[in-house]
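Before any comments, here is the structure.
Numbering (my numbering), first residue to last: 205 to 493.
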């Protein structure tokens, strides 16, 4: 057999091994995605990666107020919009604020910037130890801000101990959203506020509202899908660059479509579903009924 034929044979074998490995990676990640019991493992690995200056993980909101120079300014704007939902509700200085599923903490940091100094005594909670470790290192100098590891299904806080609870684009990932809403209701003080934002498929319209009502909340849902689509479109070049420069090589090779979909970059299936109204984005300031 000639050297060229040997090279082609080796290339075919190597390519087959790579494709097989890629399929194994895809199956493993889909299992992690679909099995809620395994998702803490997935998130712990995700936040252990070096995502550079990207500290806020949501689809984003446009337009952006002012001239925020942060690369993840659309994601930070989402938190500023949620902060606006508090309106003129009176809270004493140092009121207790809890974000459940804080990730790398950039959103909570933006929320506190919008609130002003000493407005809240804040805690960020996440199930991923790697996320909490990052936050403890990155925000060590910010007074009145702490981070703890814990589950949204069993919040490690006493009954009626939180003034404002914040949850952004995370509840669809929980194994039991009804249980999470019940936990929120349990830890909120009388007169407390649940600042909540997440997506809902159009074919499931009304499910989110029903679950909030069953948990004992009064609320008005504000749809912001158009703002999210605009943010995804404007922010797509940055998101593609983050994937190119920060995602592991194996993920870029074998999970290209999944990464684009996760980031909702323009042209991805997730982006198209938002743009077509098949998936909608809501936020609300819910209060105990």
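Beta carbons: idealized from backbone N, C-alpha and C, even for Gly. Fair warning: this is a prediction, and the values are worked out from it, not measured in the lab.
Residue i - containing beta strand (DSSP E), residue span
i: residue 350; result: 349-353
i: residue 300; result: 299-304
i: residue 250; result: From DSSP, residue 250 is part of no beta strand (DSSP E) but of the alpha helix (DSSP H) over 243-252.
Beta bridge counterpart(s) of residue i as assigned by DSSP
i: residue 392; result: 366
i: residue 480; result: Per DSSP, none; premise fails for residue 480.
i: residue 328; result: 303 and 351
i: residue 371; result: 400
i: residue 492; result: 421
i: residue 485; result: 403
Exposure of residue i, with buried meaning 16 or more beta-carbon neighbours within 10 Å
i: residue 245; result: exposed
i: residue 463; result: buried
i: residue 483; result: buried
i: residue 257; result: exposed
i: residue 380; result: exposed
i: residue 303; result: buried
i: residue 376; result: exposed
i: residue 453; result: exposed
i: residue 431; result: buried
i: residue 335; result: buried
Span of the alpha helix (DSSP H) around residue i
i: residue 335; result: 333-342
i: residue 312; result: 310-319
i: residue 361; result: It is not in any alpha helix (DSSP H) - residue 361 carries neither H nor E in the DSSP assignment.
i: residue 456; result: 453-458
Whether residue i touches residue j by CB criterion (8 Å)
i: residue 404; j: residue 486; result: yes
i: residue 357; j: residue 341; result: no
i: residue 465; j: residue 373; result: no
i: residue 438; j: residue 278; result: yes
i: residue 292; j: residue 280; result: no
i: residue 364; j: residue 407; result: no
i: residue 443; j: residue 253; result: no
i: residue 264; j: residue 435; result: yes
i: residue 489; j: residue 397; result: yes
i: residue 332; j: residue 414; result: no
i: residue 283; j: residue 315; result: yes
i: residue 322; j: residue 348; result: yes
i: residue 310; j: residue 260; result: yes
i: residue 367; j: residue 416; result: no
i: residue 287; j: residue 326; result: no
CB contact below 8 Å: residue i versus chain C
i: residue 292; result: Any reference to chain C falls outside this structure, which holds one protein chain only.
- Message: Suppose only complete runs of 3+ residues qualify. What are the beta strand (DSSP E) ranges in the segment 259-284, listed by chain order?
- Response: The segment 259-284 contains no whole beta strand (DSSP E) run of 3 or more residues.
- Message: If we require 4 or more residues per run, which alpha helix (DSSP H) segments fall completely within the segment 388-436?
- Response: Fully enclosed alpha helix (DSSP H) runs of 4 or longer: 411-418.
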